[in-house]
Amino acid sequence: MLLPYVLVGAILFVLGMIGFITRRNLIVMFLCTEMMFQGIIVNLVAFGRYPLNGVPTFDGQVFAVFLIAVAAVEAALGLALVVLLYRNKETLDAGAWKLLKDE
Amino acid sequence: MLAAAETSLLDINVYATMPFWPLLGALLVGLLIAFRAKAQYAHWPVVLGVAATAVLAVTLFFDLGQKLPAPEGDSAPAVAHGDGHEVDVHHGETDAHAHADHDYPGFTHTLYNWMSFGAEESLDEHSNRWIPINFYFDGLTGMMLLFVTVVSLMVVIYAIGYMRDHHGHPEPGYERFFAFLGLFVFSMVMLVLAGNFVLLYLGWELVGLCSYLLIGFYFRKPSAAAAAKKAFIVNRIGDFGFALGIFALYMFMRGHVSAGENPLDYEVVFKYAGSLAEPSGYFGLSQASLVGLLLMCGALGKSAQFPLYTWLPDAMEGPTPVSALIHAATMVTAGIYMVARCTPIYELSPLALNVILTLGVVGAALTATMAVAQHDMKRILAYSTISQLAYMFVALGLAVPDSGVFHVFTHAWFKALLFLGAGSVMHAMGGVIDVRYFSGLRHVLPKTYILMLIGCLALAGVPLLSGFWSKDEIVHAAFDHSVLVGVIMLATAGLTAYYTFRMFFLCFHGKLRLPDEAGENPHESPPVMIMPLWVLALGAIFVGYLGVTFAVGSGEAFIGVFKPHGYFHDYLHASTIGHPHHGHGGMWLMYVSGVVALAGIGLAWMRFGQAPQDEPDRKILGPVWDLWNAKYYVDEIYDAVIVRPLRGIGHFLFGVDRFGVDGLVWFVSAVPRGLAFLLHFMQRGALQGYALTMALGIALLLLLWRWIDVVPPDVAG
Amino acid sequence: MPGIASWVERSVRAAGEWNLNGMSTLLVIFLVLGATGLFLALPGTRGGWRPVGMALLVAAGILLVFVLADFALGRELPIWFGGCALVALFAATRVITHTKPVYSALYFVLLIVAVTGLLLLMSAEFLAAALVIVYAGAILVTYLFVIMLAQQARLAPYDARAREPFVGCVAGFVLLAIIAAQLLVAPSGVGAEPTVEEAAGTVEAVGTLLLTDYIIAIQLAGLLLLAGMVGAIAIARRQAADSTPQNGGVD
Amino acid sequence: MTSCRRTLLVSQSLMDALGLNLLIFLPLIGAVVVWVARESLAQRLALGIGVVTFLISVGLWLQLPSVMERGGPGALVGENNVQWIAVGERIVADDGSSELLNGVALHYHVGLDAISMPLVVLTGLLVPLSVLCSFTAIRTRVREYYAWLLGLTAAMFGVFAARDVLLFYIFFEFTLVPLYFLIGIWGGPQRRYAANKFFLFTFVGSVITFAGIMYLGLRAAQIEGVDLISFDLARLSALLLGPGGLTVQEQSLLFLAFFSGFAIKVPFFPLHTWLPLAHTEAPTAGSVLLAGVLLKLGTYGFLRFSLPMVPEGALVWAQFMGWLAIAGIIYGALCCWVQSDVKKLVAYSSVSHLGFCMLGMFSLLPIGLSGSVLYMVNHGISTGALFLVVGMIYERYHTRDLDKIGGLAWQMPVMAFFFVLFVLSSIGLPGLNGFVSEFTVLFAAFNSDLLGVWYGVLGASGILLGAIYMLYATGKVLFGPVKEPEGTPDLSAGLTRDLTPREVVILVPLAIVVVWLGVYPRVITDTLDPALQTQVLDRVEDAQIARMAREAPRIAHHEPVIFGIEGEAVPGATTVEGGAQ
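Now the structure itself:
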C-alpha cells in the first residue's frame, strides 16, 4: 500500500512547489515550503511503514521527527527574515528583492 | 706514467692542484671583503696563489720536456705508437683499436666525473659516459702554461703598484680587483689544462666572465659598463657556435668510441679524429669541416678575430693590468690555443683552414690600418693585438699551428710589456692616455722609455728580438702558400712597425708636454711596477731564441747564425699539433722582413720623430684616414644591422605577447563569455525563478535516472 | 471497474517500457485537468475563470479517487485514506490559490489535520501528535502573528496576481508526471499490517529508537534548534539596530 | 642479528613515513596555528616550521641512496598507502578488515623517489627563505599571509609526494588557492586582475587534465575487469600499458588532455601570458615559490604522468612539443630584452628557461631527462634567488623600473655580488648550476632521434639571447652612474642601505647551492638517472619499439630491409604490435 501514500505525498510536494513558484507573498511562499515538508513527511512515514522488502521499521518516523525539527528552525529563521525584509521595504512582495539580478 | 717517473720533479697530483691556488687566493680575498678587512694587504693571497701556480708551471714545463716521448718525424728519432699509452693515466688498456689512427703523446689525469650522459643505448648499463673534470698534459699544455702563469704573475705584481693612488693608498675596489685576477688565472689555467671539450668550454666561459668583470671594473663609467657587456655578448656569439661545435663533435664521435670512453675527452676525440673525414650530412660539409667551422666561431669571439673583434678595443676601458693580461697576453690567445689543440680535426678540413686563413688575412690588414689612425695609446695597442692575433690565425690557417703558437708565446711577453708600460705612462699622467695630450716623456720616465722601446722593437719585428722570429715564420709560411698572402702579411708587418713607432715617438719624443691631470711632478713608477716590466722585457728579447737553432757557419742561416725552428717547436710537436709541414722559403725572406720592419720604423721616425701636434698622415690620406679613425664604422654597422633589428623584433614580440597572444586567449574565452551573455538574462534575481529552474532540474534528473535505469534488477522483482 | 483495472495495469506495463505516451491515460487526464484547473484557479486577472478552475480541480480530484480506488482494488486501503487524502489535497489547493494569506494559513491548518489523519492510518501516532502540536500549535501561530504584523489593509497587489502561473503549473505537473510515472512502474511495498499490540507500541518504539540509535542525531537536532533560536534573535536584534534609523521608525 | 637489522630497517622506514607525513601536514597545522597566533609570533612560527620542513626534507633525501640500494631504482622513501575516500560496497572479512568491492577508491598514497626528491628538497629550501624574505615586506594582515604561505607549502610537498594520480590532482589544484590569495591580497596595484587571470588560466587547463585522469581510471578498471576505480600510479601505468591497454589514438588524446593542464602551468609558449602578470603583481615570496616550485608542477607532471602513462602519445607529440619549447625559448628571451620592469624580465626569462627544460624532456634521451630535472631544480634556485634580490631592491626603492634605478653596485655591493652570481647562474655560466642543465639539455636535443640537430641549434641560440637580456638588465641595475628615485632608499622598515644580515642569510644558502650543483651535479643525478631509466625511459623505449613494430610492415612494403623486433617476429607484425607494448 505504499503507492497511494507516496502519490499523495508527491502531489502535496508538487502543489507546494507550484505555490512557491507562483505566489508572490513571502509568507505564502513560506507556507508552501512547509507544505512541501508535509508531502515529504508523508512519504517518509509511508516508506518506513511499507518497505519494499523486509519488515516495517520506525526509521521513517524518526526521520520525520528530525524533519519537523528542521522545519521548526526554518520557520523561526525564515519568519525572522521575512519580518526583517518587510521592515526594510514595507512590502511582502518577493519581487522587491532582486539583488542577484545580473545587469 | 709521469707520477711514477724517476726524474719527474713533482707528483702528478701536485700538478693537478695547479689551477686551484689562485682560486683559493681569490676566495680568501673574498672572505677578506666579506669581513671588511683592510685592503692594504689584500693582494697577498692572490699573489702567492699565482706564484705557486707559476712555480708549478715552470716545473711542469721541464718535466714534460723530459718525459714526453720525443716526436716522430724526419728530424727526430721515430717513436713507436704505443708510447702514448704508457703515460696514459686515465685508462690503461693498451690494445690499440683498429680504427684508432693516431696516438698523441699526451696523457690525461682525471679528478672526478662531473656530468653524466646516462647509459647510452649501445652500451651496457654499467658503463655510463661522463664528462669528467680531467686535465690533459702534453707539449702544448706545458708551453701555454709557462707563459700564461709567468706573465700572470708579473701582471699581478705590477698591479700591486698600479692599483694605488699617488700616496700609495689602494684604490676603491682594490681587493675586488685581486679577487677577480685570481679567478682569472684559475680560469685560464683550467682552460689550458682542460682534458675535454666541456671543461675547455668551462674555462672559456670563465675567462670570459673575468674579462666581463674586469672590463667593468670601473662600472660607474657608463662606457666601462657598456664595454663589459659588449665583450661578454660578442664572445657569447662566438660561444654559440663553439657550443654547437661541441654538440656536433659529440654527435659524430659517439658512434665511434667504445665502451668506457668519454666521447668528449681530448684523448678519445683525437684518437678517433680520423673518422671525422666522413660527410656530415649537413650543407655537404665533411664532419671535420662542420665541427671545425663551428669551433672556429668560438675562436673568432675569444681571440677577437674579424668579424667579432669589435669588443677588444672597447675592452680597454678596464684597468691597464687587465688589458695587459687578459686582453693581450693570455685570454685572447685562447682561441688560437683551441684551434691549435684541435689540429687533428682541422687537418682534415681544407675548407675550415681556408676560412681561417681568409679571416686572418682580412683581420690582420684591416685592424693594422685602424691602428694607424688612433690616438688612444691603449687602443692602438689593442688594434695591434687584434692584428697580431690575426697573424696567429693566419698561421693556423696555413696549417702551421706550431708557428702560430710560437707567435702566441712571444707576443704574450712583449705585448704585456707594452701594455704595462702604457699603464706606467698612464699612472704617471694621472689617467690620461691619449697621445695628443703629452709628448717627450722620455725625460720624466726614463725607465719606462727603455722598456717601451724594447717592447716596440719586438712588436715591430726588428731582427734578433723575439717578435721577429715568430712573425717571420708566419710570413714564410704565407709565402709558401701564395705570394698574395705573403705580400699582405709583409705589408702588415711594415704597417705594424709604423704605427707602433708612431705611438712611441708621439709619446716619448719631441718636446716635453704634460696634461693637467699629471700634476706638477710626474714621476717614474715604483719598483713594484718596474721590476715585473724588466722580467717581461727580458722575455721580449730572449724567448724568441727558444724557437731558433744556432747553426753557426751553416749556409742556410740568418746572418750566418740562426736557423728557424728550435727547441720550442720540438717541444710543441709532442702534442696534438703533431708535425706540421714547413716549407723552405729561403733565407732571403728573413732579410726582407727585417728590412720592412726597419723601414716602417724609419718612416715613423721621419713623420713623427718630433712628435708633431697635427696629424701629418691625415693631410695626406684625407678621408681614408678618417675612415680608419672611425674604424670603418663597423660598430655602427653592427648596431644598425644586427642589434637594432633584433631589439625591434623583441619589441614586436612583446607587443604580440600583450595583444596578440593574450588577445587569442581572450578570443578563446569569448565563447563561454558569449554563452554567458546569452544566459545571463535568466539570472533575474527573482527567488521563484531559481526555484523554477530547480524544479525543472529535478525533473530532468529524474528523467535521466529513468533513462539510465540504475534500479538494481534484483530489487525490482 | 475490473475493466478499468486491467486497462490501468496494461497501461502501467506499457509505461514500464518507458515512454510518456504509454503512460496511463487516466493519469494523463488527471494531470492535465489538475494543471489547467490550478492555472485557472490561481489568483490573477482571469477572475471570471476561477470557478471553472475550481470545477476542473474537483474533477481532477474525482479522477484521482478513481486512480487510487483502481489501484487499491482487492487490497486493504481504508476508506479513511481516501477521505484524508482528498481533504489534504483540497486544503493544499486552497493554500496556494487563496488570495488572502490568513486564509491560506488557516487552510494550512486543515492540511495538517488531514495529514495527521494519514499518519494515523499508518499507525504513526507519535508523529501525528507531534505534527499537530508543533505545526498547528506552534509554527502556524507564529505565521499568523507575522501575517497580522505585515497585514495590508486591503488586498495587496502581490497577493492579487500570481507570478507566471502558466509556467509554474506546467513545470510542477511535468515533475508530477515524471514522479507518478516512476511510481507506477516501481515496485510497491506492501508490508505486513502491524498487529494491534505493535501499533500501540509505536510511540515507545520511536522513542527508543530516537534515544538509542539516533542519539547523536537528536543531540544535533537540539543543537540546530538552539542555533536557530540564536540566529532568529540575532536577526531580530540586527533589524532593530539597522533599519530603524534608515526608515525613520517603522515601528 | 638479521632480525635486528630488519627491525632497524622497519623502524627506519616508519620514521621516514612519519617524516613525509609531517612534511605535508606540519605546514598545514602550522597554517592554522599561525592564523590564530599573535601577530608578533606569526613570523617566527612560520619560519620555524619552514626550517623544520627543510630539515625533514633533507633528512628524507639522505635516506634516498640506502632506500634505493634496498628497493631498486624505483623505491620510495617514506611510503604511505592508506585508503582515504572510498565509495562502494565492502566485503568484511572475519578479522574485521574490509575490502572494497566496487565503486571509487582514492588512496592517500605518498612516497618520494629519486625524481621527486630533488624537487621536494628544493621546496624545502625555498620555503623558509621565502618566509624570511617577507619579514619586512609584508606589513598588513601578517598572520593570514603566513598561514597562506604555509598552506601553499603543504600543497607543494603533497604534489611531489603523491603516488595516486587523483591525490596528485587534488594537491595540484590545492596549490592554486593559497597563491590566489597571496597575489590577490598582498600583490601590486593590478593584483586582482593578475590573481584572477592566474587562477582562471591554470584552473581551466587542469580541468581538462582532470577529465583525462578520470578516463585513465575508468579505462584501467575496464582493462582489469573490475568495478573498482582507483588511481594508483603504479597500478594505472601497469594496466594501461599492459596487454589490451591504451591505443595510440587514446594515448595521443590523453596526452593532449594532460598537456592542457601541465602546459599552462609550465608555461608553454602560447599559454604563458598569465605568468609575467602574476609574477609582477605577486609579493616576493609568491614570486619565488611560483617560479621556484609551482612552475615545476607542470614539468613534473609531464615527466611523471605524460611520459610514463601515455608514452606513445608523447612520441606522437614530441616534435610538436619541441617546437613549442623552442618558440618559448626564443620568444621569451626576445620579450625579456625589451622589458623595463626587471621583475617582468625575470618572469619572461622563466618562459625561456622552461622552454629549455621541456626541450630536454622531449628529447626522450637519458641525458635529456636528467638534464630536464636538473633544470627544474636549477631554475628554481637561480630564478627564485633573482626574484629575492629584485624584491630586496624593490623594498628599498619602491620601483622596479630599469630606467629609474641604476648603479646600485656602488650603493649595495653585497647585493651586487649576489645579483651577478645569480644572473650568471641563470645564463648558464660553466661551474655554476645553470650550465650543467642547460648544456645537457641542449646535448640531448641535438642528439635526439626525435628532435634533432635543428632543435639543438635553435635552442642553443637561447644561450646567446639569455646572455644579452640578463646582462642588459644587470648593466642597467648595477652599473653606470648611481640613479635612485626621489626619497629613496626607503629604510623605514629597518633596512640598511646594503643588504641586512637577514637578507644575506637568505641568499647565502642559495649561492652555496648554485656553486655546489655546478661543480658536483651528481649529488642529484647519481640517484636520479637510474630512477628515470626505470620509471620513465623504459616505458618510452618500449613504446618506441612498439611503434617501430607497427610501422614495420609499411616499411617492408617499400624496401626489403625490415625493422624486425627480435628477428623473426616480423611476419606476425600484428602480434608484435599487441604484445610489444
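Sequence order for the protein chains is R, E, A and S.
Residue numbers 41 to 143, in the numbering used here, belong to the letters of the first sequence in order.
Residue numbers 2 to 718, in the numbering used here, belong to the letters of the second sequence in order.
Residue numbers 45 to 295, in the numbering used here, belong to the letters of the third sequence in order.
Residue numbers 57 to 637, in the numbering used here, belong to the letters of the fourth sequence in order.
Here a beta-carbon is modelled for each residue, glycine too, at the ideal position from N, C-alpha and C.
Separation of the CB atoms of residue 349 of chain E and residue 278 of chain E is rounded to 5 Å, and the pair is thereby assigned contact status at 8 Å. Judged by DSSP in its simplified three-state form, residue 532 of chain E adopts helix.
For the stretch 143–160 of chain A, the set of residues with a beta-carbon nearer than 8 Å to any beta-carbon of chain E is empty. Burial state of residue 37 of chain E is exposed, judged by a 10 Å Cβ sphere holding fewer than 16 other Cβ atoms. In chain S, no part has a C-beta under 7 Å from the C-beta of residue 380 of chain E; the shortest such distance is about 21 Å. For the 8 Å CB-CB criterion, residue 354 of chain S and residue 318 of chain S form a contact. Inter-residue distance for residue 169 of chain S and residue 197 of chain E is about 33 Å (C-alpha atoms, whole angstroms). Between the beta-carbon of residue 423 of chain E and that of residue 510 of chain E there is about 16 Å, and that puts the pair past the 8 Å contact cut. Three or more pairs of CB atoms, one per stretch, sit closer than 8 Å, so the stretch 489–502 of chain S contacts the stretch 560–573 of chain S. Under the Cβ criterion of 8 Å, residue 685 of chain E is counted among the residues facing chain R. Where residue 115 of chain E is concerned, there is no enclosing alpha helix (DSSP H), although the beta strand (DSSP E) around it starts and stops at 108–117. Contact between residue 235 of chain E and residue 250 of chain E is absent: CB atoms are separated by about 23 Å, not below the 8 Å threshold.
Taking 4 residues as the minimum length, the alpha helix (DSSP H) runs contained wholly in the stretch 232–287 of chain S are 232–242, 247–280, in order along the chain.
For residue 62 of chain R, the residues of chain A that pass the 8 Å Cβ criterion are 86, 140, 206, 207, 208, 209, 212, 213, in the order they occur in the chain.
Taking 8 Å as the cut-off, the beta carbon of residue 238 of chain E is found closer than this to the beta carbon of residue 520 of chain S. With contacts defined by Cβ atoms closer than 8 Å, residue 118 of chain R and residue 139 of chain A do not form a contacting pair. For residue 219 of chain A, the C-beta contacts it makes with chain E under 7 Å involve 696, 699, 700, in order along the chain.
With respect to the C-alpha of residue 387 of chain S, the residue from E:442, E:650, E:703, E:701 having the closest C-alpha is E:650.
Residue 578 of chain E has its alpha-carbon roughly 7 Å from the corresponding atom of residue 402 of chain E.
For residue 167 of chain S, the enclosing beta strand (DSSP E) begins and ends at 159–168. Less than 8 Å divides the Cβ of residue 27 of chain E from the Cβ of residue 184 of chain E. The beta-carbon distance between residue 139 of chain E and residue 107 of chain E, rounded to whole angstroms, is 3 Å. This is short enough to meet the 8 Å contact definition. For residue 608 of chain E, there are no C-beta contacts with chain S under 8 Å, since the nearest C-beta of that chain is about 40 Å from it. For residue 512 of chain S, the secondary structure class from DSSP, reduced to helix, strand or coil, is helix. In terms of Cβ geometry, residue 469 of chain E and residue 545 of chain E form a close pair [threshold 8 Å].
Annotation for residue 147 of chain S: the continuous beta strand (DSSP E) segment containing it runs 146–148. Residue contact with chain R for residue 692 of chain E: present (Cβ-Cβ distance below 8 Å to some residue of chain R).
Taken through DSSP and simplified to helix, strand or coil, residue 473 of chain E comes out as helix. About 5 Å separates the Cβ atoms of residue 696 of chain E and residue 215 of chain A, confirming a contact at the 8 Å cut-off. Note on geometry: alpha-carbon atoms of residue 542 of chain E and residue 502 of chain E lie some 17 Å from one another. Rounded to the nearest angstrom, the gap between the Cα atoms of residue 484 of chain S and residue 305 of chain S is 39 Å. Sorting S:351, S:419, S:435 by C-alpha distance to the C-alpha of residue 216 of chain S places S:351 at the top.
DSSP, read as helix, strand or coil, puts residue 489 of chain S in helix.
Less than 8 Å separates the beta-carbon of residue 314 of chain E from that of residue 384 of chain E. Using a CB distance cut-off of 8 Å, residue 703 of chain E counts as an interface residue toward chain A. Boundaries of the beta strand (DSSP E) around residue 141 of chain S: 133–143.
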